[in-house]
Structures are given as structure tokens and as C-alpha cells.
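Asker: Encoded as C-alpha cells, here's the structure I'll be asking about.
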Amino acid sequence: MSDSLGDGAGNPTEAQMRLYERWAEGGAALSVIGEVQTSPYYPEKPGNLVLVPGADMPAMKELAKRGSTNGAHIWPQLGHAGALAHGPVSTPKGPSPLDVEGLKCDGMSLDEIHELPQTYAQAATLAQEAGFGGVLIHAGHGFLFSQFLSPLFNHRTDAFGGAVENRFRIVGEVIAAVRQAVGPAYPIGIKINSTDKLEGGLSTDDALEVVRLLNETSVDLIDISGGTYFPGAASSSDGTSSSGPYFIDFTKRAKEVTTIPILLTGGFETRGQAVQALQNGSADAISLARAMVLNPSLANAWLSEVGGDPEFPIFDKPPRGGVTAWYSMRLTALGEDSEDQFDQSPTDALEAYDARDAERCKAWRNRFS
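Here's what the structure looks like:
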């Protein structure tokens, strides 16, 4: 999840440290810090962390330490928002120029693409120095590497466009550079889409080919998700209800073409769903988002036979983006140990979230102008 708990200048806050500490105390094996940027110029939101030279390394080390309570792992999700970079603090760029309703961006030059492996390697090295247990490369949800993989958004005619092998090329180069930087034993994971949920976007067959290509790399974990945040796209994360795990049929197929462990993300609401997915071999590990926002000690609960599933709220006609904002603002309450007093509606949460982002944009521009 994009926790949006950075200080607006790319550094951790006390609330962010406490949030990941609480998940570790609650039995989580691995927490992933959503949207940690490898460059300050293409952030998803101004509440992201930024792993670049000049980062507040003492604060990063404290975040890594507290998120590692009880032997848990905490990994930054290394990303670049590309065409989805937050407009007030960036000039969005993707693999190809886009000019569609609600979204406009320039295309990246070859030089800019060639810089990406070293940029990610640098961020991974800083993560390792800070004491994070590994890194997760973000290649899903419509952000930069997801854009490269998607034929709907990658119209390049050079070595980085066309066939799926070419669209994957920069992802493979980044993995190789990160591995060289952190050594053979440091965990590297990657998040990919099983589908873009967009007509003309990444197909499941192409996504399976991406899994096959990943099997030839040194990654240690493949996190399967789906969907994008492009304007007008259906977002799984902004739905008001779930019909169970979203991408389980894909992971069953993916496990036939890779020996790398598969982490399945999306739509898990009950212990029974998680147990079934593990027992029938659909996934090697289960990733939770909303459920862990509702109960930060859910891992411990589900490790117990008595279990205990979270009670998901039901919202009546929330505004677009309101449900996601509600969960985002509840993350803040968890980091402040004040979730018992959290009573915002999706509309209130969306207003508070947007107002906070507007304030953080000022800090972002001051630091990264």
C-alpha cells in the first residue's frame, strides 16, 4: 500500500515507523513500504519516501529497525511513477508520449531509460545500508515498469518496445543492476500485473511470458497483483466489496512456469481464503492490505486456529477514490495509535487526504526544486 506517511521531503516520520512496528508486533512476516521512489522527480504522491543520496539515513535506519521487530522483514517497494507521476511536483514521463483524457505525458529518451538500472541499484544499495531486509521492485499497477510492459502504453519501436521480450528488457536490466549492487544473498522481489484490466493492455498470456522471463533472472519473489491507476480504469482497490481473491487463477498458471516463490495479493478477507490458497498450491505466500489496516495484528490472529476475520466496513455511495482514501487515513491513525477514535467517512477522508497532499507538495518542491 502507498502509506503516504512520509514527511513531504522524502523522509520517514514517527507515525510511519510506528505503523510498520505495529505490523511486525502483530505477526507479519514481511511488510512492504509502498511507493519508495528511486528519483524525486517522478513520485506517485508527495508522501512517498525517496531513497537517494541526501536521504535522512538515521531516520531510514530507525524505520528499518522498528519494522524488523520480532524478526520480521521490512522492504521498500522501489518505484518510479512514470506517466502517473504526481503533476503538482513533477513533469510525468512514460515509455511513450500520451495524450488521453485525464492523462498527458512525454516519452522517455534512450538516455533516460539507460539511467534507470543505476538509479535502482543506488536505491537498493541505500536500502541495504539502512538495514532493510530486502527490496521489492514495483512493476505493477500502471507505474513506469508496468507501462513498459503494457502494449497499450508502450508504443516504442526501438529495443524497448514491440514484443513482450523487448517490453521486459528494461525490467531485466534493472534486476541485473540491483543484484550486482546488493550481492547474491540479499532478497530482491518484484511486483507485476497479471492483467491491466484495460482493453489493449497487458494480457494474461503476456503476463505469463513475463513470469517466464523473470524465472531466468535472480529475483527471489514474484508478487502477483493487477489493475492500474490510469484515469478511468477500474481499480480493484477502490471497490466497496470483494468476491474473494482477485488473481488466484493466474497464480495457478504462473506456478507452472516458474520455480520462484509466488506471493499473491488482492481480495483476501478471511483466514479460510488464505489457507485454501496455500493448501491447494495457488501461492506460496499471501499478501494483505485492507485486512491489515482493519486489524494490524491479523497475522497473529490467523496463525491461531481460532482465527478471527476482520469486519469490513460497507460504504453507501462513496466518492471516487473515497474508499482508498479512507483506508489511507486509517493507516495514519494506526501510526498514531488512535484508530479507536477514527470515524471519518470516505468523503471526509478524501478531503483530508487531498489537503495533506497539497501541504506536502510545498515541502517537496522546497527540497527537490
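Mapping of the sequence shown onto the working numbering: residues 44 to 412, in sequence order.
In this text, a Cβ means the ideal position worked out from N, Cα and C, and glycines have one as well.
Is it buried or exposed, serine 284, if we count other Cβ atoms within 10 angstroms and call 16 or more buried?
Answerer: Residue placement at serine 284 is flagged as unreliable, the pLDDT there being 45, under the threshold of 50; the coordinate-derived value follows with that caveat. By the neighbour-count rule (16 or more Cβ atoms within 10 Å), serine 284 is not buried but exposed.
Asker: Helix, strand or coil, according to DSSP, for glycine 365 in the structure here?
Answerer: Of the three classes helix, strand and coil, the one that applies to glycine 365 here is helix, per DSSP.
Asker: Would you check if the stretch 129 to 144 and the stretch 394 to 408 touch, i.e. whether three or more CB-CB distances between them fall below 8 Å?
Answerer: Yes, the stretch 394 to 408 is in contact with the stretch 129 to 144.
Asker: Within the same chain, show all residues whose beta-carbon is closer than 6 Å to that of valine 75, passing over the 5 residues directly before and after it, in chain order.
Answerer: Contacts found: Trp118, Gln120, Leu179.
Asker: Can you pull the DSSP bridge partners for threonine 271?
Answerer: Note: threonine 271 sits in a beta bridge opposite His184.
Asker: Candidates Ile218, Glu252, Ile291, Val143: which alpha carbon is nearest leucine 264's?
Answerer: For the residues Ile218, Glu252, Ile291, Val143, the minimum Cα distance to leucine 264 belongs to Ile218.
Asker: Could you give the residue range of the beta strand (DSSP E) that holds valine 79?
Answerer: Its beta strand (DSSP E) spans residues 73 to 80.
Asker: The alpha helix (DSSP H) spanning threonine 435 covers which residue range?
Answerer: Shown here, the chain extends from 44 to 412; a query on residue 435 therefore has no answer.
Asker: Using the rule of at least 16 other Cβ atoms within 10 Å of the residue's Cβ for burial, across every protein chain shown, is isoleucine 156 buried or exposed?
Answerer: So isoleucine 156 counts as buried.
Asker: Quick one: measure Cβ to Cβ for valine 300 and valine 262, integer angstroms, because I've assumed they're closer than 8 Å.
Answerer: At roughly 14 Å, the Cβ-Cβ gap does not stay under 8 Å, so valine 300 and valine 262 are not in contact.
Asker: If you drop the 5 nearest sequence neighbours on each side, which residues of the same chain put their C-beta closer than 6 Å to that of threonine 168?
Answerer: Taken in chain order, the residues that qualify are Ala224.
Asker: What does the alpha-carbon distance come out to for the pair aspartate 147 and aspartate 400?
Answerer: Inspection of the sequence shows that residue 147 is occupied by lysine rather than by aspartate. Taking the straight line joining both Cα atoms gives about 21 Å.
Asker: Using 6 Å as the cut-off, classify the Cβ of leucine 192 as near or not near the heavy atoms of the ligand PLP, replying yes or no.
Answerer: Within the structure as shown, the ligand PLP is missing, as the structure has no ligands at all.
Asker: Give the straight-line distance between the Cα atoms of serine 111 and glutamate 144, rounded to the nearest whole angstrom.
Answerer: When rounded, the distance between both Cα atoms is 43 Å.
Asker: Here's the rule I'm using: 16 or more other beta-carbon atoms within 10 Å means buried, otherwise exposed. How should aspartate 50 be labelled?
Answerer: By the neighbour-count rule (16 or more Cβ atoms within 10 Å), aspartate 50 is buried.
Asker: So, is lysine 88 buried or exposed, given that buried needs 16 or more other C-beta atoms within 10 angstroms?
Answerer: Counting Cβ neighbours within 10 Å, lysine 88 comes out buried, since at least 16 surround it.
Asker: Considering Cα atoms alone, identify which of Thr260, Pro304, Asp149 is closest to leucine 321.
Answerer: Here the closest residue by C-alpha is Pro304.
Asker: Is it buried or exposed, threonine 200, if we count other Cβ atoms within 10 angstroms and call 16 or more buried?
Answerer: By the 10 Å Cβ count, threonine 200 comes out exposed.
Asker: Quick one: measure Cβ to Cβ for glutamine 9 and glycine 122, integer angstroms, because I've assumed they're closer than 8 Å.
Answerer: The structure shown has nothing for residue 9, since the chain only spans 44 to 412.
Asker: Measure the CB-CB distance between histidine 184 and threonine 271 and report whether it falls below 7 Å.
Answerer: Yes, the Cβ-Cβ distance between histidine 184 and threonine 271 is below 7 Å.
Asker: Where does threonine 134 sit, in a helix, a strand or coil, going by DSSP?
Answerer: Correct three-state label for threonine 134: coil.
Asker: Under the three-state reduction of DSSP, which class applies to serine 330: helix, strand or coil?
Answerer: Of the three classes helix, strand and coil, the one that applies to serine 330 here is strand, per DSSP.
Asker: Could you tell me the alpha carbon to alpha carbon distance between arginine 314 and alanine 344, rounded to whole angstroms?
Answerer: Looking at the two C-alpha atoms, the distance is approximately 9 Å.
Asker: State buried or exposed for aspartate 380, treating a residue as buried only when at least 16 other CB atoms are found within 10 Å of its CB.
Answerer: Exposed, by the Cβ-count rule.
Asker: Along the chain, where does the alpha helix (DSSP H) that runs through aspartate 397 open and close?
Answerer: Unbroken alpha helix (DSSP H) run through aspartate 397: 389 to 411.
Asker: Might you give, ordered along the chain, the residues of its own chain that have their beta carbon closer than 8 Å to the beta carbon of serine 45, omitting 5 neighbours on each side?
Answerer: Excluding positions up to five away in sequence, the list reads Gly77, Glu78, Glu87, Lys88, Gly90, Asn91, Ser371.
Asker: Start and end of the beta strand (DSSP E) containing glycine 110?
Answerer: Counting along the chain, glycine 110 falls outside any beta strand (DSSP E), though it belongs to the alpha helix (DSSP H) covering 100 to 110.
Asker: For valine 318, name the three-state secondary structure that DSSP assigns.
Answerer: Helix.
Asker: From this set, Gly70, Ser47, Glu57, Ser82, which residue's C-alpha is nearest serine 412's C-alpha?
Answerer: The option with the nearest alpha carbon to serine 412 is Ser82.
Asker: Hey, out of Leu341, Gly176, Phe358, whose CA is closest to glycine 350's CA?
Answerer: When each option's Cα is compared against that of glycine 350, the closest is Leu341.
Asker: Helix, strand or coil for glycine 378, going by three-state DSSP, please let me know.
Answerer: Of the three classes helix, strand and coil, the one that applies to glycine 378 here is helix, per DSSP.
Asker: Where do the N-terminal and C-terminal ends of the alpha helix (DSSP H) with threonine 294 fall, by residue?
Answerer: Looking at the DSSP string, the run of the alpha helix (DSSP H) that includes threonine 294 is 291 to 297.
Asker: What does the alpha-carbon distance come out to for the pair glycine 365 and leucine 256?
Answerer: So the alpha carbons of these two residues sit roughly 37 Å apart.
Asker: Would you please state the rounded distance, in angstroms, between the beta carbons of glycine 269 and threonine 302? I believe it to be under 8 Å.
Answerer: Not quite, the Cβ-Cβ distance comes to about 22 Å (not below 8 Å), so this is no contact.
Asker: Taking all protein chains shown into account, decide if glutamate 64 is buried (16 or more other Cβ within 10 angstroms of its Cβ) or exposed.
Answerer: Classification for glutamate 64: buried.
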